[in-house]
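For what it's worth, the numbering used here labels the leading residue of the sequence shown as 600, then goes sequentially.
The block underneath contains the structure these notes are about, expressed in structure tokens.
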Amino acid sequence: MFAAGAAFAADELKSGLPVGEQVPAFNVRDITGPSKGKTLCYRCQYGARPVVTVFTRELNDTVKDLVKKIDAKVGENKDKKMAAFVVVLTEDPDAVEPKIEALAKDSKISSTPLTIIEGAAGPENYKLSKDAEVTVMMWVESEVKVNQSFAKGKLDKKAVDSLVAETKKILN
600 MFAAGAAFAA
610 DELKSGLPVG
620 EQVPAFNVRD
630 ITGPSKGKTL
640 CYRCQYGARP
650 VVTVFTRELN
660 DTVKDLVKKI
670 DAKVGENKDK
680 KMAAFVVVLT
690 EDPDAVEPKI
700 EALAKDSKIS
710 STPLTIIEGA
720 AGPENYKLSK
730 DAEVTVMMWV
740 ESEVKVNQSF
750 AKGKLDKKAV
760 DSLVAETKKI
770 LN
């Protein structure tokens with residue numbers, strides 16, 4: 600009963616594209632990935648692959664834990680061509696960039712590019728709620744299979760573990 604309540608709480612906040620919708624292209628500035636310093640479209644580069652995208656306004660400990668666990672999951676599923684990227688939503692990219700670099704280094708993030716998109720609203724077509732601190736979308740063949748969003752302070756350890764388990768929906 601509690602798990603259903605937790606899922607319901609996450610569903611109350613609508614942010615991002617609904618399940619079943621196609622993901623449009625958008626550009627980010629790569630801070631730690633293979634295209635560091637360049638602006639590019641990871642959505643485009645990853646094509647039909649299974650992808651996890653974490654949109655976040657904060658880099659708190661719980662978000663760091665989520666990124667670390669998703670990165671490990673990507674590493675474990677290279678044979679399935681799983682990919683992920685993190686998009687930090689910010690009005691001040693220059694101030695956030697050193698924090699992103701520190702996260703990648705301290706958490707040993709190796710398979711998941713950490714990126715910035717200028718503007719707290721994020722990519723316009725993605726309908727990210729201003730009330731969502733974190734929105735996680737997972738897709739395969741550019742179709743959303745999972746979308747969960749969390750208001751400030753609502754992403755906790757149970758939610759992180761649940762999100763990591765949800766990756767199975769894009770790996771089958």
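All C-beta atoms, glycine included, are put in the ideal place defined by N, C-alpha and C.
Asked                                                                                                                            : Found
Backbone CA spacing between valine 651 and proline 712 [nearest angstrom]                                                        : 11 Å
Every unbroken alpha helix (DSSP H) within the stretch 668-734, with a cutoff of 4 residues, ordered by chain                    : 692-705
Lysine 775: first and last residue of the uninterrupted beta strand (DSSP E) it sits in                                          : Residue 775 lies beyond the stretch modelled for the chain, which goes from 600 to 771, so this question has no answer here.
Chain-order list of residues whose beta-carbon lies under 6 Å from that of valine 735 (same chain, five-residue window excluded) : Val653, Gln747 and Leu762
For leucine 662, the three-state DSSP class (helix, strand or coil)                                                              : Looking at the sequence provided, one finds valine at residue 662 rather than leucine. It is helical.
Same chain, Cβ closer than 7 Å to lysine 668, neighbours up to 5 away in sequence not counted                                    : Val759 and Val763
Residue range of the unbroken alpha helix (DSSP H) whose run includes aspartate 755                                              : First-last for aspartate 755: undefined, no H or E at that position.
Contacting residues, own chain, Cβ-Cβ under 8 Å from alanine 624 (five flanking each side not counted)                           : Cys640, Arg642 and Cys643
Bridge partner(s) assigned by DSSP for arginine 628                                                                              : Thr638 and Ile715
DSSP three-state assignment for glutamate 620, whether helix, strand or coil                                                     : coil
Neighbour-count burial assignment, lysine 751, 16 or more Cβ in a 10 Å radius                                                    : exposed
Backbone CA spacing between serine 709 and glutamate 675 [nearest angstrom]                                                      : 12 Å
Cβ separation of leucine 754 and leucine 612, assumed to be a contact under 8 Å, to the nearest whole Å                          : Wrong, their Cβ atoms sit about 11 Å apart, outside the cutoff.
Reduced DSSP secondary structure (H/G/I, E/B, other) of alanine 750                                                              : strand
For alanine 647 and threonine 689, believed in contact at Cβ under 8 Å, the rounded distance                                     : That pair is no contact at about 29 Å.
Rounded Cβ spacing between valine 685 and threonine 655 (contact assumed at less than 8 Å)                                       : 7 Å
Pick from Lys663, Lys744 and Phe749 that is closest to lysine 768, judged by C-alpha positions                                   : Lys744
DSSP beta-bridge partners of valine 653                                                                                          : Val685 and Val735
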